[in-house]
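Trainee: The opening residue of the sequence shown carries number 1 in full-length UniProt numbering; numbering runs sequentially from there.
Ideal placement from N, C-alpha and C gives every residue a C-beta, glycine not left out.
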Amino acid sequence: MFLSTDHGTTQKLTREEKLEKKRQAERLRYQKIKNDPEKYKIHKQKEKERYLKKKEKGIIKTVDQMTFREQRKARIMWKKRARERRQRLALQNIDK
1 MFLSTDHGTT QKLTREEKLE KKRQAERLRY QKIKNDPEKY KIHKQKEKER
51 YLKKKEKGII KTVDQMTFRE QRKARIMWKK RARERRQRLA LQNIDK
């Protein structure tokens, strides 16, 4: 990918710049889907089907399929993520 500058020359984008541009495009695409109820419904259905396929293949394990150690590790991660989410939401509420 090339980035056009003001004086007609082009320079190569760095890997990070390419990734950031790609992420931004993906965010815009997803935002458009979320704004259209019909597209959002279709998107959610596809996500559900994708999840069920992974679950069927065994890529995703349910808690009852995990060993005790895996369950403990998963629960620790869930607690950590929940704590971080609560903190993030609390910060958002303070700003408002």
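(1) Residue range of the alpha helix (DSSP H) that residue 59 falls in?
(2) Alpha carbon to alpha carbon, how far is residue 67 from residue 29?
(3) Taking only three categories from DSSP, how would you classify residue 12?
(4) Tell me the residue span of the alpha helix (DSSP H) that contains residue 80.
(5) To the nearest angstrom, how far is it from the Cα of residue 75 to the Cα of residue 56?
(6) Spatial neighbours of residue 39 within its chain, please: C-beta separation below 7 Å, excluding the five flanking residues on both sides.
(7) Report all residues from its chain with a CB closer than 8 Å to the CB of residue 54; omit the five preceding and five following residues, and keep chain order.
Mentor: With the structure as the only source:
(1) Looking at the DSSP string, residue 59 is not in any alpha helix (DSSP H), and its letter there is neither H nor E.
(2) 39 Å
(3) strand
(4) 68-95
(5) 22 Å
(6) 33
(7) 60
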